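Here the structure is laid out as structure tokens; the discussion comes afterwards.
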Amino acid sequence: MNNMKSLLVLALTFASTCFAVNAQDSNPTALTKEQVKAKISAAFPRASVERIEDGPIEGFYQVVSQGEVYYASVDGKHMLFGNLISIENGIKNLTQETLAKIEAEKAPMRAADIKSLKNNDFVVFKAENEKHKVTVFTDVDCGYCRKLHKEVKELNNLGVTVQYLAFPRAGIPSDSYNKLMAVWCSDNRTAAMDNAKLNRKFDFKTCENTIQDKHMPLVRKFNLRGTPAIVTEGGDIIAGYLPPQQLLTRLESIDANKVSKVN
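Plus 2 on top of the position in the sequence shown (first one is 1) and you've got my numbering.
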């Protein structure tokens, strides 16, 4: 299905390009990037356009909005969404390459945002022989979040410290939010997290609203869409659950890749 969608978008892109080639040079209706950005913002008031730049095909701008890549015709009349595939020298997914580049650029910012938080903002399960530290945005009503938590001790034994931030998927207010507040307001947060995720037991309390004031702004800023969302010390995002050994392998691979780029 994904391949079919990609081919459909490619076909639509090709068809549209046939009418738009050299539009920036010869089409008197071609707009500037800022003008197209304004038209997109008017059409989608709730969307945030992070950047707009020359696209990989003539006649289209490349638009990045809320973690997705779109292609807007230079006259500002049409937009395409999907994977743009280059077949000129082998097969390259240009859309995914752009997304990967954006993620790499944002990683240091995410790392700095997490480091700016105080220790008291987290629920921490620390590894004695710490080799890696991950920040996990979690929801106690998420099945894979509970599965990951059952394996926290194994992760700790592998040298991975797990520190939690809250991401109530149902929003604020909600039952999920109240359950997370019960954990963060507890005098013993690690025990409360165990009770919440492993035993489905909650001691509901209220306290300083760290979740709404600090955690959720990062959820929105990082454009997180699901739980568990795992953020490495370097700010890279690992979306979704991975078994302990696979997660360790991914962390080691990310570190090794960054070292190779430096060298």
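In this text, a Cβ means the ideal position worked out from N, Cα and C, and glycines have one as well.
Computed from a prediction, not measured in an experiment: that's the story for all the values here.
Are the Cβ atoms of residue i and residue j separated by less than 7 angstroms?
| i | j | result |
| --- | --- | --- |
| Lys203 | Val142 | no |
| Gly161 | Asn131 | yes |
| Ala198 | Val185 | yes |
| Ala40 | Phe139 | no |
| Thr137 | Val233 | yes |
| Asp123 | Thr212 | yes |
| Val164 | Phe224 | no |
Under a Cβ-count criterion, where at least 16 other Cβ atoms within 10 Å of its own Cβ denotes burial, should residue i be classed as buried or exposed?
| i | result |
| --- | --- |
| Phe206 | exposed |
| Arg1 | This structure cannot settle anything about residue 1, because the visible part of the chain is limited to 3 through 265. |
| Glu36 | exposed |
| Gln247 | exposed |
| Leu220 | buried |
| Met195 | buried |
| Ala168 | buried |
| Gly78 | buried |
| Asp177 | exposed |
| Glu153 | buried |
| Pro170 | buried |
| Asp189 | exposed |
| Ile275 | Any question about residue 275 goes unanswered here, given that the chain covers just 3 to 265. |
| Thr31 | exposed |
| Thr251 | exposed |
| Met183 | buried |
| Phe46 | exposed |
| Met218 | buried |
Residue i lies in the alpha helix (DSSP H); which residues open and close that run?
| i | result |
| --- | --- |
| Leu157 | Val154 to Asn159 |
| Val221 | Met218 to Lys223 |
| Arg227 | It is not in any alpha helix (DSSP H) - Arg227 carries neither H nor E in the DSSP assignment. |
| Leu101 | Leu96 to Lys117 |
| Lys135 | Premise fails: Lys135 lies in the beta strand (DSSP E), His134 to Thr140, not in any alpha helix (DSSP H). |
| Ser188 | Taken as a continuous stretch (DSSP letters only), Ser188 belongs to no alpha helix (DSSP H), as it is neither H nor E. |
| Ala45 | Lys35 to Ala45 |
If distances are taken between C-alpha atoms only, which option among the options comes closest to residue i?
| i | options | result |
| --- | --- | --- |
| Gln68 | Gly84, Leu226, Phe62 and Met195 | Leu226 |
| Lys103 | Val66, Ser43 and Thr234 | Val66 |
| Gly57 | Lys41, Lys216, Phe83 and Ala172 | Phe83 |
| Tyr179 | Thr208, Ala40, Leu33 and Asp196 | Thr208 |
| Pro245 | Glu210, Asp177 and Arg148 | Arg148 |
| Asn121 | Gln98, Asp257, Asp177 and Arg191 | Arg191 |
| Cys187 | Val125, Thr163, Cys144 and Gln98 | Val125 |
| Met81 | Asn91, Ser88, Ile42 and Gly92 | Ile42 |
| Gln64 | Arg48, Thr97 and Glu90 | Thr97 |
| Glu235 | Met218, Ala241, Pro175 and Asp257 | Asp257 |
| Thr229 | Leu253, Glu156, Cys144 and Lys155 | Cys144 |
| Ile59 | Ser88, Leu249, Met218 and Arg222 | Ser88 |
| Thr100 | Met111, Glu90 and Glu55 | Glu55 |
| Leu240 | Glu105, Asn95, Met111 and Leu86 | Just to set this straight, residue 240 is Ile in the shown sequence, not Leu. Out of Glu105, Asn95, Met111 and Leu86, Glu105 has the C-alpha closest to the C-alpha of Ile240. |
Beta strand (DSSP E) containing residue i: first to last residue?
| i | result |
| --- | --- |
| Ser176 | That residue, Ser176, is in no beta strand (DSSP E); it is neither H nor E in DSSP. |
| Arg53 | Val51 to Asp56 |
| Glu70 | Glu70 to Ser75 |
| Ala241 | Ile239 to Ala241 |
| Thr163 | Val162 to Ala168 |
| Ile232 | Ala231 to Thr234 |
| Gln64 | Phe62 to Ser67 |
| Leu82 | Met81 to Phe83 |
| Phe127 | Val125 to Phe127 |
Since residue i and residue j should fall inside the 8 angstroms C-beta cutoff, what is the C-beta to C-beta distance between them, to a whole number of angstroms?
| i | j | result |
| --- | --- | --- |
| Asn158 | Ala129 | 4 angstroms |
| Ala44 | Phe62 | Contact flag wrong, Cβ pair sits at about 19 angstroms. |
| Ala109 | Asp215 | That belief does not hold up - the Cβ atoms of Ala109 and Asp215 are roughly 24 angstroms apart, past 8 angstroms. |
| Val76 | Leu33 | 6 angstroms |
| Leu200 | His151 | 7 angstroms |
| Tyr243 | Tyr166 | Rounded, the Cβ-Cβ distance is 14 angstroms, inconsistent with contact. |
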